[in-house]
Structure formats: C-alpha cells, structure tokens
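S.K.:
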Amino acid sequence: MAAVKLTYLFDPLCGWCYGASPAVSEIAKHKEIELQLLPTGLFSGGERSMNAEFSQYAWSNDQRIQTLTGQLFSDIYYQNVLQAFGTPFNSFAMVQALTAVQPEQRLTALSAMQQARYVAGRNVTDLAVLAEILRENGFGDAAEKLFSENNKQSAVEWIQTGQQLAAKLGIQGVPALLLHTENGEVKVLPNGWLYQDIDKLAEKINAVM
C-alpha cells in the first residue's frame, strides 16, 4: 500500500465518533498511513447541560450506535452521566486534555477518555477527572500541562484548524475521514466505511488513491 495521509475530524463527546473508534484504531495500525486528528468543536462551547429530554435523546441514539458497531454504552454511563442533570455537555475540557498529549499518542488518550465516559460512567467534562484519567493511562506529563493557559490556547487553535478544514469542505457533522491525495486534493471518504467491514478499510482507502 502506498503512503497515505488521512485526517480524522471528530468531537470527543460525539457518540458516533466513539462508535467509529475501532475503525480509526484499525487505520492507525498501518505504519504507512499518516493519521492526523482534528477536533471540530461540534460540542465545544455553549451553555448546554444535561436534562431529561436530552438524556432520553442521547440514550436512544447510543443504543442505535451500539447495535450497529458493538461499542458498549453501559448502564453505569446511563446512570452516572446521562442522569446527572445539570452537568455541562461541553467537550472543550476533553480537547484540552488531548492537546496536552503528544500528537502520536492522542488516539490512545481519546480512546481512554471514551471508555471512561461510555463504559465507566465518569464525568469527562471535568478537568480534574480528565487529569486522573491521563495519569491512569501513563500521560502524567500531559496531566501536569492540562491546566495551563498555554495549553488552553493551543486547544482553541487546534479546534480552529479543524473548523476551517471542515468549513472548506462543507462538512457539518462528525466523524469524517478525509484522504489527502498526492496532487493536493482532499477527498471525503464515505462515512459508512467507519462502521462496516473495518478489516477491509485500508484496502478501500488504497483503491481510491
């Protein structure tokens, strides 16, 4: 397979992005693929908080994702996260945590945060909780950087980069997988590739090069 550059647009609180994580991890196994992660800030900012209506909507959507992908949305998540009314629904803290991690380790850190939320039912909108998760997964240096103003500003800039690319391509939702061709073109790959026959994903990508 020829050298390939991909960009993965995501939001850390996006359930469909959690559903796509096995596919993204499969891509990352291929050493000939350069994978860049870019958050779009879809659920970053704003004053939205968890309430009964949103909880019901999210849980219904989560069940669809679990049925399609096999990714677990646990009862503990439902009880501790979706029923924690008043908790902010804002992914910026998670972007801050990912920013503090070295780029080549961000996918591993993202997976740890997703597991912490959707399986263990932890509040990943809280910087203190995120610092604990980082330390538990061997990212002690990142946990120390997490609270700095420099890291916060870097997180803002990282989101802006993702937003600019998404806007340029007319992408409004996530996840989205982008292929950078040798002639400088950027192709938006079919979203369904992230959920079906993921063992053949690299083969499919190579076919559209």
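In our numbering, the protein residues as written are -4 to 204.
For glycine and all other residues, C-beta sits at the position ideal for the given N, C-alpha and C.
When we look at the beta-carbon of S39 and count the other beta-carbons within 10 Å, is it buried (16 or more) or exposed?
M.R.: Working through the sequence shown from its first residue, we reach residue 39 at position 44. Result: buried.
S.K.: Let me check one thing: in DSSP terms, what residues is E29 bridge-paired to?
M.R.: In the sequence shown, residue 29 corresponds to position 34, counting from 1. Paired residues: K0.
S.K.: How is the beta strand (DSSP E) around A222 delimited, first residue to last?
M.R.: No answer is possible for residue 222: the residues shown for the chain start at -4 and end at 204.
S.K.: For V(-1), count the other beta carbons within 10 Å of its own beta carbon; 16 or more makes it buried, fewer makes it exposed. Which is it?
M.R.: Here the question's residue -1 lines up with position 4 in the sequence shown. Label assigned to V(-1): buried.
S.K.: Is L102 close to chain B? Criterion is C-beta to C-beta, closer than 8 Å.
M.R.: The question asks about chain B, but that chain is absent: this structure has only one protein chain.
S.K.: Short check: CB of D57 to CB of F49, under 8 Å?
M.R.: The residue you call residue 57 lines up with position 62 of the sequence shown. The residue you call residue 49 lines up with position 54 of the sequence shown. It is not a contact, given that the beta carbons lie outside the stated cut-off.
S.K.: Less than 8 Å between the CB atoms is what I'm expecting for D6 and V169, so what's the real figure, rounded?
M.R.: As a working mapping, residue 6 is identified with position 11 in the sequence shown. As a working mapping, residue 169 is identified with position 174 in the sequence shown. Contact holds; Cβ gap of about 5 Å.
S.K.: If you check the beta carbons only, do T35 and L77 fall under 8 Å apart?
M.R.: By one-based count along the sequence shown, residue 35 stands at place 40. By one-based count along the sequence shown, residue 77 stands at place 82. No, the pair does not count as a contact, with Cβ atoms beyond the cut-off.
S.K.: Output needed for Y190: all residues of its chain with C-beta closer than 8 Å, excluding positions within five of it in sequence on either side, in chain order.
M.R.: Counting from one through the sequence shown, the residue named residue 190 turns up at place 195. Closer than 8 Å at the Cβ level, and outside the excluded window around Y190, lie G14, A15, A18, L63 and T64.
S.K.: Contact defined as beta carbons within less than 8 Å: I believe L1 pairs with L37. What is the distance between those atoms, to the nearest angstrom?
M.R.: For this step, residue 1 is matched to residue 6 along the sequence shown. For this step, residue 37 is matched to residue 42 along the sequence shown. Not a contact, Cβ separation roughly 19 Å.
S.K.: In three-state terms, what does DSSP make of F5?
M.R.: Position 10 of the sequence shown, counting from 1, holds the residue named residue 5. Reduced to three states, the DSSP call for F5 is strand.
S.K.: By Cβ distance below 8 Å, which residues in the same chain neighbour Q91 in space, the five residues on each side in sequence not counted?
M.R.: Here residue 91 refers to the residue found at position 96 when the sequence shown is read from its first residue. Around Q91: L122, L125, L141, N146, K147 and A150.
S.K.: Quick check: I60 and G116, are their CB atoms within less than 8 Å of each other?
M.R.: One-based indexing of the sequence shown puts residue 60 at position 65. One-based indexing of the sequence shown puts residue 116 at position 121. Going by C-beta atoms, I60 is not nearer than 8 Å to G116.
S.K.: Starting from P205, follow its DSSP beta bridges and name the residues at the other end.
M.R.: Given a span of -4 to 204 for the chain in the structure shown, any question on residue 205 remains unanswerable.
S.K.: When the Cα atoms are used, what is the spatial distance from M(-4) to N46?
M.R.: Working through the sequence shown from its first residue, we reach residue -4 at position 1. Working through the sequence shown from its first residue, we reach residue 46 at position 51. Residue placement at M(-4) is poorly supported in this model, since its pLDDT is 49, which falls under 50; the coordinates still yield a value, given next. About 48 Å.
S.K.: At which residues does the beta strand (DSSP E) containing K182 begin and terminate?
M.R.: Here residue 182 corresponds to residue number 187 of the sequence shown, with the count starting at 1. Counting along the chain, the beta strand (DSSP E) containing K182 begins and ends at V181 to V183.
S.K.: Taking buried to mean at least 16 other C-beta atoms within 10 Å of its own C-beta, is G135 buried or exposed?
M.R.: Your numbering for residue 135 matches position 140 in the sequence shown. With fewer than 16 other Cβ atoms within 10 Å, it is exposed.
S.K.: Counting along the chain, where does the alpha helix (DSSP H) carrying T62 start and finish?
M.R.: Along the sequence shown, read from residue 1 onward, the residue named residue 62 stands at position 67. Counting along the chain, the alpha helix (DSSP H) containing T62 begins and ends at A47 to T64.
S.K.: Excluding the 5 residues flanking I193 on each side, which residues of the same chain have their C-beta closer than 7 Å to its C-beta?
M.R.: Start at 1 with the first residue of the sequence shown, and residue 193 comes out as number 198. Closer than 7 Å at Cβ, skipping near neighbours: P17, A18 and E21.
S.K.: Which same chain residues end up closer than 7 Å to L196 when comparing Cβ atoms and leaving out the 5 residues on each side of it in sequence?
M.R.: Here residue 196 is taken as the residue at index 201 of the sequence shown, counted from 1. The residues are A18, E21, I22 and W188.
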